[in-house]
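Asks:
Chains as they are written, first to last, in my numbering: chain C, 1 to 300; chain G, 1001 to 1339.
1) Using DSSP bridges, identify the partner residues of residue 1253 (chain G).
2) Going by DSSP, which residues form a beta bridge with residue 148 (chain C)?
3) If you draw a straight line from the C-alpha of residue 46 (chain C) to the C-alpha of residue 107 (chain C), how long is it?
4) Looking at the C-beta of residue 288 (chain C), does it have a partner C-beta in chain G at a distance below 8 angstroms?
5) So, helix, strand or coil for residue 1169 (chain G), using DSSP?
6) Within the same chain, show all residues whose beta-carbon is closer than 8 angstroms to that of residue 1002 (chain G), passing over the 5 residues directly before and after it, in chain order.
7) Below 8 angstroms on the Cβ atoms is my contact criterion, and I expect residue 1241 (chain G) with residue 1081 (chain G) to pass it. Report the Cβ-Cβ distance as a whole number of Å.
8) Alpha carbon to alpha carbon, how far is residue 63 (chain C) from residue 149 (chain C)?
9) To which residues of the same chain is residue 1321 (chain G) closer than 8 angstroms at the C-beta, ignoring the five residues directly before and after it?
10) Could you have a look at residue 226 (chain C) and say whether DSSP puts it in helix, strand or coil?
11) Determine, using beta-carbon pairs with one atom in the stretch 91-107 of chain C and one in the stretch 150-165 of chain C, whether at least three such pairs fall under 8 angstroms.
12) Among G:1179, G:1324 and G:1073, which residue has its Cα nearest to the Cα of residue 1041 (chain G)?
13) Shortest alpha-carbon distance to residue 1254 (chain G) belongs to which of G:1148, G:1020 and G:1265?
14) Contact defined as beta carbons within less than 8 angstroms: I believe residue 1083 (chain G) pairs with residue 1113 (chain G). What is the distance between those atoms, to the nearest angstrom?
15) Going along chain C, which residues have a C-beta under 8 angstroms from residue 1149 (chain G)?
16) Hey, does residue 1224 (chain G) have any beta-carbon neighbour from chain C nearer than 8 angstroms?
17) Would you mind sorting residue 1101 (chain G) into buried or exposed? The rule is 16 or more other CB atoms within 10 Å of its CB.
18) Relative to the C-alpha of residue 6 (chain C), which residue among C:290, C:279, C:266 and C:70 is closest?
19) If we define contact as Cβ-Cβ less than 8 angstroms, is residue 1262 (chain G) a contact residue for chain C?
20) Can you name the residues of chain G whose CB is closer than 7 angstroms to the CB of residue 129 (chain C)?
21) Does the distance from the C-beta atom of residue 1034 (chain G) to that of residue 1186 (chain G) stay below 8 angstroms?
22) Does residue 1024 (chain G) pass the burial test, meaning 16 or more other C-beta atoms within 10 Å, or should it be called exposed?
23) Around the C-beta of residue 295 (chain C), are 16 or more other C-beta atoms found within 10 angstroms, so that it is buried, or is it exposed?
24) Quick check on residue 3 (chain C): does DSSP put it in helix, strand or coil?
25) Give me, in chain order, the residues of the same chain whose beta-carbon lies closer than 6 angstroms to that of residue 34 (chain C); leave out the 5 immediate sequence neighbours on both sides.
26) Quick check: the stretch 129-145 of chain C against the stretch 61-78 of chain C, are there 3 or more CB pairs under 8 angstroms?
27) Since I believe residue 1127 (chain G) is in contact with residue 1135 (chain G) (beta carbons under 8 angstroms), could you give me their beta-carbon distance rounded to a whole number of angstroms?
28) Taking all protein chains shown into account, decide if residue 300 (chain C) is buried (16 or more other Cβ within 10 angstroms of its Cβ) or exposed.
29) Could you have a look at residue 179 (chain C) and say whether DSSP puts it in helix, strand or coil?
30) Leaving out five residues on either side along the sequence, give the residues of the same chain with a beta carbon under 8 angstroms from the beta carbon of residue 259 (chain C).
31) Put residue 1097 (chain G) into one of helix, strand or coil per three-state DSSP.
32) I'd like to know whether the C-beta atoms of residue 1263 (chain G) and residue 274 (chain C) end up nearer to each other than 8 angstroms.
33) Can you list, in chain order, the residues of its chain with a C-beta nearer than 7 angstroms to that of residue 143 (chain C)? Leave out the 5 residues immediately preceding and following it.
34) Just the Cα atoms here: how many angstroms apart are residue 1005 (chain G) and residue 1027 (chain G)?
35) Check whether the stretch 1105-1121 of chain G and the stretch 1290-1303 of chain G are in contact - that is, three or more C-beta pairs closer than 8 angstroms.
36) Evaluate residue 227 (chain C) with the Cβ neighbour count: other Cβ atoms within 10 Å of its Cβ, from every protein chain shown; 16 or more gives buried, anything less gives exposed.
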């Protein structure tokens, strides 16, 4: 424990800015992963335990695309589109077989794929740490805000995640397809009876969730090291986010992710060894005081 | 016992005498199983085989205790492994720091586990399904983080090293491999027998009713929260026993013992062996350990192999192996009776 360091940081504007930005990028990446998870849970009622794998694949796809084309935009596209396709195939071929089955069966299928995907990455890209490197467009002087150092890439990252959050939020609440998705979440039998292909919606939502996780992985690739199994800690953290925010709530995912990001970045100063513990403690406190999460609805 | 439970026990009197017969049969089976297992060293000098049985004892106790929650009560705990780790660490620390006789450390560990389980359980069992799963997972990770960060006490990521002393007691010397083996078998059989008695008791049937319809159980006057908490603590005790066997075996305790993957493996073992038969988790334990041992011998990518096997069980059989076999026999018997 090092509370002096935490207090010192809180009283210095430079440190405050630096820590807040790093908390925000952790939070925004987590949000992108968690919002896919919460969307899949909300519509399909499935807890996608293999969601972290999509984050991992997004990062590896982006790295490979960047090495081949040297284009950052193509790398992001590869990360997002590749995982979307992967998500669609995974849902149609495997997950769709265990809908309505025991929750344990669904978890087991996902768990099997966590093991398989990690090994697939190990076979294709090797077991060692990889890094994509910062694209040249962002290798510029960092910005100084109130004495704090903020790399421009961080701003891009936060911006992209914010745009995704807004598009998703408005898309789901206003657009026709958003309404159909929400209707399918509420009463799939009725939607199906109205002549809408629910299988297509389920596949689409899973692909969308996979795409968001893949995009997060691609965005994280320049600033994180890549390793098989990297999806796992992200998965656990995004679970915490969805549970804190309330399963199925997009706003909850956003607020939960930002809170967790800030806890991580400031917690690492005050409690360097217990940073993870702080997150779990926070989750326990939230769930004990409000069992359905901050923005969760009471179970019917 | 509530008034209602007492009334039910009366009307169930004829069933009760059947239960007594079954109890004697269970004890007899346990006794035979113990004699067979304990005489194994007389026939084979293979240390690897004995080690395998010891590991099966540790994981078997853990997995079967998890099934008290998952299979009997419908509580999918994702953090049951914390009690496995807690058992290993408490036992190791007590032996290293206090130097008390092994049986004392054993009982003290169970007491510590019961205390933790009562506090954690009181918070968790209020929650439903997925929230229960995640809050148990959070507690597991909280304990794991504590073990990692409290390095001066627990050894941090290095684990409890330097060996756990095994002073002889009552003529039993656990430093002797055969003694350790027989003691592990005895703990396994005793633990299984105790859990079997719990599962077949009226309390065990109360748990099944809670699993099938908690609202109805509540209307019938059962304190659902208290029953769930009781089974949570009981299951924790047996998991902690498994952890102690593991600590005895490796003469140490490591943070991985308290990591969530232990819980994941426990769930997997249960699915592999079957959750609706008492011995399903035991079958699953043997299957998983065998599978792990053989697959790692042939390929470094054992995740793929394990994953495909899991898919076979989840998508193909759709139930554990022993459940599948039991159902198959039941169907054959029904067919034989011309139904």
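Even glycine gets a Cβ: it sits at the ideal position worked out from N, Cα and C.
Replies: Inspection of the coordinates gives the following:
1) G:1160
2) C:145
3) 8 angstroms
4) yes
5) strand
6) Residue confidence for residue 1002 (chain G) is low, a pLDDT of 48 falling below 50, so the modelled location carries little weight and cannot support an answer.
7) The beta carbons of residue 1241 (chain G) and residue 1081 (chain G) sit about 14 angstroms from each other, so the pair does not count as a contact at 8 angstroms.
8) 26 angstroms
9) In the same chain as residue 1321 (chain G), and ignoring 5 residues on each side of it, the C-beta atoms closer than 8 angstroms to its own belong to 1272, 1273, 1274, 1280, 1283, 1284, 1287 and 1313, in chain order.
10) strand
11) no
12) If we check each option's Cα against that of residue 1041 (chain G), G:1179 comes out closest.
13) For the residues G:1148, G:1020 and G:1265, the minimum Cα distance to residue 1254 (chain G) belongs to G:1148.
14) 6 angstroms
15) 271, 273, 274 and 277
16) no
17) exposed
18) C:266
19) No, residue 1262 (chain G) does not count as interfacial toward chain C.
20) Residues of chain G passing the Cβ test: none, with the nearest at roughly 18 angstroms.
21) Yes, they are a contact pair.
22) exposed
23) buried
24) Reduced to three states, the DSSP call for residue 3 (chain C) is helix.
25) 238, 241, 242, 253 and 257
26) yes
27) Right, the Cβ-Cβ distance comes to about 6 angstroms (below 8 angstroms), so this counts as a contact.
28) Only weak support is given to the placement of residue 300 (chain C): the predicted model assigns it a pLDDT of 35, under 50, and the value that follows is read from those uncertain coordinates. Residue 300 (chain C) should be labelled exposed.
29) helix
30) 27, 244 and 282
31) Correct three-state label for residue 1097 (chain G): helix.
32) no
33) Cβ neighbours of residue 143 (chain C) beyond the five flanking positions: 150 and 152.
34) Residue placement at residue 1005 (chain G) is poorly supported in this model, since its pLDDT is 49, which falls under 50; the coordinates still yield a value, given next. So the two alpha carbons sit approximately 25 angstroms from each other.
35) With a cut-off of 8 angstroms, the stretch 1290-1303 of chain G and the stretch 1105-1121 of chain G do not count as touching, because too few Cβ pairs lie within range.
36) Buried, because 16 or more other Cβ atoms sit within 10 Å of the Cβ of residue 227 (chain C).
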